[in-house]
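S.K.:
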Ligand SMILES: [Zn+2]
Ligand SMILES: [Zn+2]
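In the numbering used here, the protein residues as written are 10 to 404.
What follows is the structure, given as C-alpha cells:
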C-alpha cells in the first residue's frame, strides 16, 4: 500500500474516535438501534452510497457500485449494545443507565464507516461493488439471520463477505484468524424433573426431584467427556437450577437450564440426543417423569479457508506476517454464522488489548474498553482485504 494510502486512513483517526464515542455514549439494545441507524445512514448518504434502511427493523445497508464491473463483496458490522451498567468512569462512558457497548459493536460500526469514507473517495477506481451491512441484534437476537432472510445477500448478489470483532485477548496491532471453525453453535436446553412433593421427614412417601437432579447434573457432565470424540470440541454448562421452597419440603419438580456448544452439526446432534437419553435414564431410575426442551441457538460459524487465507495475506502485507496469527476457535457464538451459511467469507479478530493503557478487560465486562488505535487499524485491514478480493491493485 502506498504511504499516502495509509496516511489518509491514519488521518481519519480523530473523526473515527468521535463517531465511536458518540455511539458509545448512546448505546441501544437489540432491535432498538434507532439512533445508531440514523447516524449510520446519514454518513453513508453523505458519502454518496445507495442506502436502504428498515432491514430487520433497524438495519442499514449501503451499496457502492464501483466505476467498473466486477465481483460484489460485503462487509458487516453489528450495532447493538448490552444490558449492563458501565463502570469505566471514562469521560465518554455510557449516558444511558443500564446499557453499555461492552462488546465493541460501537467500534465495528465506526470501522465500517471509515471503510465507506475511504472507498467513496475513490469510487471510480473500484471494480465491482462493495456492500455495507449494518445489522441489529447480534447479542442473542439473531439480527443477522433476519437480514439474510430478508435478502441482504441479493441484489446485487454477494460473492464473498467479511466481518471482524475487536478482540481483547490479542494486543492492539495484531490480527487473529480462524481458518475454518470460528465460533460455536450456541444451543440451550431446559429440563424439568417431575417428582412428587412431600414432607422432608417422610421421603419414602414422595419422589424427590432434588436428588434426581443431583444425579442428572453429574451424569450430564459425562456426555462431553465420554460420548464426544476428544478431537472434536464441545462444552456443556448448567447455568440455572431451580427447585424447592423450604428446608423440610420435598418439591414437586426441579428445573435445570443450560447451554451446549459445538463446532459441527454432527456433534451438535449427538449432544442433543445424548442429553435427552441421559435425562430419560436418570428420571426412569428414580421412577419419575421429565420434560426436555432443546432450543437451537446460532449455528457454528464456519469460515471458508481460502477466504481466511486471503484475509491473512492481505493483512500481513500491511502489518507483517508476525502480526497475523491463526487462532483456535472460540466456544462463544456469533450470528455472522448465518451469512457464512450462504456465501463464502471469513470472520476475523482485531486485537484491541493494551496493558499499558489498562485496556485489559474482557467482552461483556462493565469495565470493557478498546484501544482506539484499533479504529484506523481496522479500517486499513478491511481496505486491504477488499482491495485484494476485488483485485483493485490500489496497494
Ligand atoms: Zn457480545
Ligand atoms: Zn460482539
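Just so you know, even glycine gets a beta-carbon here, dropped at the ideal spot from N, CA and C.
These figures come from a predicted structure and were not determined experimentally.
For residue 248, which residues from the same chain have a beta carbon less than 7 Å from its beta carbon, with the 5 sequence-adjacent residues on both sides left out?
M.R.: Closer than 7 Å at Cβ, skipping near neighbours: 266, 267, 268.
S.K.: Do you know whose CA, among 305, 390, 382, 123, lies nearest residue 274's CA?
M.R.: Ranking 305, 390, 382, 123 by Cα distance to residue 274 puts 305 first.
S.K.: What number of angstroms, rounded off, separates the C-alpha of residue 307 from the C-alpha of residue 196?
M.R.: Going from the Cα of residue 307 to the Cα of residue 196 covers about 7 Å.
S.K.: Rounding to the nearest angstrom, what Cα-Cα distance links residue 117 and residue 298 in this structure?
M.R.: Distance between the alpha carbons of residue 117 and residue 298 is about 48 Å.
S.K.: Is the beta carbon of residue 172 closer than 8 Å to that of residue 84?
M.R.: Their beta carbons are under 8 Å apart, which means residue 84 touches residue 172 by this criterion.
S.K.: Report the start-end ranges of each alpha helix (DSSP H) in the region 94-126 that is 4 residues or longer and not cut off at the edges.
M.R.: Here no run is fully enclosed.
S.K.: Is the CB of residue 283 under 8 Å away from at least one CB in chain C?
M.R.: In the displayed structure, chain C is absent; only one protein chain is listed.
S.K.: Could you tell me if residue 235 is buried or exposed, where buried requires 16 or more neighbouring beta carbons within 10 angstroms of its beta carbon?
M.R.: Counting Cβ neighbours within 10 Å, residue 235 comes out exposed, since fewer than 16 surround it.
S.K.: Name the one or two DSSP bridge partners that residue 24 has.
M.R.: DSSP, once it has assigned bridges, lists no residue as partnering residue 24.
S.K.: Quick one: give me the first and last residue of the alpha helix (DSSP H) that residue 236 is part of.
M.R.: Run containing residue 236: 218-236, per the alpha helix (DSSP H) assignment.
S.K.: Taking only three categories from DSSP, how would you classify residue 60?
M.R.: Residue 60: strand per DSSP, three-state reduction.
S.K.: Which partner residues of residue 128 appear in the DSSP bridge assignment?
M.R.: BP columns for residue 128 are empty, so no partner.
S.K.: If you draw a straight line from the alpha carbon of residue 150 to that of residue 293, how long is it in whole angstroms?
M.R.: Rounded to the nearest angstrom, the two C-alpha atoms are 36 Å apart.
S.K.: Enumerate in chain order the residues of its own chain whose CB-to-CB distance from residue 396 is below 6 Å, with the five nearest sequence positions on each side excluded.
M.R.: Taken in chain order, the residues that qualify are 403, 404.
S.K.: Suppose you measure from the CA of residue 206 to the CA of residue 302; what does that come to, to the nearest Å?
M.R.: Their backbone Cα atoms lie some 23 Å apart in a straight line.
S.K.: Could you compute how far the alpha carbon of residue 391 sits from the alpha carbon of residue 42?
M.R.: If I take the Cα positions, the gap works out to 24 Å.
S.K.: The beta strand (DSSP E) that contains residue 67, what's its start and end?
M.R.: Per DSSP, residue 67 belongs to no beta strand (DSSP E) and is neither H nor E.
S.K.: Could you tell me whether the Cβ atoms of residue 170 and residue 354 are closer together than 8 Å?
M.R.: Yes. Within cutoff.
S.K.: Determine the direct distance from the alpha carbon of residue 64 to that of residue 412, and round the result to whole angstroms.
M.R.: Because the chain is modelled from 10 through 404, residue 412 falls outside the range shown and cannot be assessed.
S.K.: Report whether the distance from the Cβ of residue 110 to the nearest heavy atom of ligand 2 is below 7 Å.
M.R.: Answer for residue 110: no, Cβ out of range of ligand 2.
S.K.: For residue 128, which residues from the same chain have a beta carbon less than 8 Å from its beta carbon, with the 5 sequence-adjacent residues on both sides left out?
M.R.: Counting only Cβ-Cβ distances below 8 Å, and skipping sequence neighbours, we find 73, 135, 139, 392, 395.
S.K.: Let me check one thing: in DSSP terms, what residues is residue 141 bridge-paired to?
M.R.: Per DSSP, 71, 84.
S.K.: If I'm right that residue 34 touches residue 103 with Cβ under 8 Å, what's the distance once you round it to whole angstroms?
M.R.: The pair is a contact, with the Cβ atoms about 6 Å apart (cut-off 8 Å).
S.K.: Quick one: does the C-beta of residue 117 sit closer than 7 Å to a heavy atom of ligand 1?
M.R.: Outside the cutoff, so no.
S.K.: Would a C-beta distance cut-off of 8 Å place residue 194 and residue 270 closer than the cut-off?
M.R.: Contact: yes.
S.K.: Just confirm the distance between the C-beta atoms of residue 348 and residue 162, as a whole number of angstroms; I'd bet it's less than 8 Å.
M.R.: Right, their Cβ atoms sit about 7 Å apart.
S.K.: Excluding the five sequence neighbours on either side, which residues of its own chain have a C-beta within less than 7 Å of the C-beta of residue 159, listed in chain order?
M.R.: The answer, listed in chain order, is 64, 65.
S.K.: Leaving out five residues on either side along the sequence, give the residues of the same chain with a beta carbon under 6 Å from the beta carbon of residue 245.
M.R.: The residues are 233, 269.
S.K.: Sort 189, 276, 379, 212 by Cα distance to residue 311 and report the nearest one.
M.R.: Comparing Cα positions, the closest option is 189.
S.K.: Report yes if the C-beta of residue 313 is less than 7 Å from at least one heavy atom of ligand 4; otherwise report no.
M.R.: The model on display carries ligand 1 and ligand 2 but not ligand 4.
S.K.: Of the choices 329, 231, 376, 96, whose alpha-carbon is the least far from that of residue 283?
M.R.: Selected option, being the one with the closest Cα: 231.
S.K.: What does the alpha-carbon distance come out to for the pair residue 388 and residue 101?
M.R.: Answer to the nearest angstrom: the Cα atoms are 22 Å apart.
S.K.: Excluding sequence positions up to five away, which residues of its chain have a Cβ less than 6 Å from the Cβ of residue 264?
M.R.: Cβ within range, chain order: 201, 251.
S.K.: For residue 300, does the three-state DSSP call read helix, strand or coil?
M.R.: In this structure, residue 300 counts as strand in the three-state DSSP scheme.
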